[in-house]
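Numbering (our numbering), first residue to last: 125 to 263.
All residues carry an ideal CB built from backbone N, CA and C; glycine is no exception.
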Ligand code: HEC
């Protein structure tokens with residue numbers, strides 16, 4: 125009898141300890157979660173997180189630079205005397221490989237975009253160079 129009683133007590137104690145342990149774990153988890161999500165904006169989650177955030181890719185970086193600075197002339201139907209379109213991955217890649225795109229964006233005597241358009245920022249020029257050096261990643 126006595127043995128049975130203390131066995132029960134032991135089980136009760138054990139459950140009580142497990143319960144405390146689980147509560148502490150929950151508390152720690154909640155604390156950690158609150159800290160780490162402090163600077164996130166929950167209303168603006170990134171729907172397509174970049175799988176490789178350090179790599180320069182066409183879709184992640186290059187496409188928007190070209191759209192903002194080049195496709196007013198190098199659109200899907202080129203205008204203003206531009207000889208080719210720069211609206212797809214393969215067109216931009218091929219312009220780097222065969223039409224001297226990087227030379228032209230860095231040129232002061234024969235720049236792209238032509239004056240009076242302002243030249244690309246150094247940051248954008250560097251991204252295009254890094255994109256080439258990295259092997260023209262698309263995504
Ligand atoms: C205002 C119109 C205009 C804009 C904007 C423009 N281009 Fe051009 N682009 C031209 C014209 C016209 C030519 C052909 C004459 C020449 O080579 O200068 C040309 C030629 C080029 C060439 C040489 C093609 C060849 O086969 O010789 C490259 C490369 C080029 N552009 C890249 C770009 C890039 C990259 C941008 C954006 C950063 C850009 N262009 C923005 C009008 C434009």
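Closer than 7 Å: residue i CB and nearest the ligand HEC heavy atom
i, result
"residue 198", "yes"
"residue 186", "no"
"residue 179", "no"
"residue 219", "yes"
Residue i (DSSP reduced to helix, strand or coil)
i, result
"residue 193", "helix"
"residue 222", "helix"
"residue 180", "coil"
"residue 246", "helix"
Under 8 Å between C-beta atoms of residue i and residue j
i, j, result
"residue 189", "residue 244", "yes"
"residue 216", "residue 256", "no"
"residue 240", "residue 194", "no"
"residue 199", "residue 209", "yes"
"residue 183", "residue 263", "yes"
Through-space distance from residue j to residue i, alpha-carbon basis
i, j, result
"residue 227", "residue 211", "19 Å"
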